[in-house]
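The sequence shown begins at 1 in this note's numbering and counts up by one.
First comes the structure, then the notes that go with it.
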Amino acid sequence: MPWPRSLPALLAAVWLPLLVAVHPPGVEAREPPAAKALVQEVPVADLPPEARRTLALIRQGGPFPYRKDGSTFGNRERLLPPERRGYYTEYTVPTPSSRDRGARRIVAGGNPALSDELYYTDDHYASFRKIREPMQ
1 MPWPRSLPAL LAAVWLPLLV AVHPPGVEAR EPPAAKALVQ EVPVADLPPE ARRTLALIRQ
61 GGPFPYRKDG STFGNRERLL PPERRGYYTE YTVPTPSSRD RGARRIVAGG NPALSDELYY
121 TDDHYASFRK IREPMQ
């Protein structure tokens, strides 16, 4: 490659490859995970009946219908507040038309039976809404 003869050509030859390496075309800049916030809540009354039944089972400590209920939720999507591994547990919310566990879950933080940190997802962890329970 011949040496550029003008300053703009020199800048383009040097800086353009660096910019493309740092931010490739077609790759969108992402918001840092810590900046994501749960902006939506869902009142218990607005949950589907299956989710309300699952919530009642969580509060009474089971028994749960699915073997994976109560297992650790890793929060790999980083949509929930960051916590130590094992803090979150997940529970299946049955989907009547589904042949398997479906996409709906409730994720509990801390002690599930006492937690006020409960999240509902109906899209298999792509989004969450914090469950708002009535004041007792």
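Note that beta-carbon positions come from the ideal geometry of N, C-alpha and C, so glycine has one too.
On a predicted model such as this, the values are computed, not experimentally measured, just so you know.
{"Item": "Nearest candidate by alpha-carbon position, reference Leu-80, set Pro-134, Arg-129 and Ile-58", "Value": "Arg-129"}
{"Item": "Separation of Arg-52 from Gly-62, as counted between CA atoms", "Value": "14 Å"}
{"Item": "Rounded straight-line distance, which links the Cα of Glu-50 to that of Val-42", "Value": "15 Å"}
{"Item": "Residue interval of the alpha helix (DSSP H) (run including Glu-50)", "Value": "49-60"}
{"Item": "C-beta atoms of Arg-208 and Asp-122 nearer than 8 Å", "Value": "Outside the shown range of the chain (1 to 136) lies residue 208, about which nothing can therefore be said."}
{"Item": "Other residues of its chain near Glu-77: CB distance less than 8 Å, five sequence neighbours each side excluded", "Value": "Tyr-125 and Ala-126"}
{"Item": "Distance, Val-44 Cα to Glu-133 Cα", "Value": "6 Å"}
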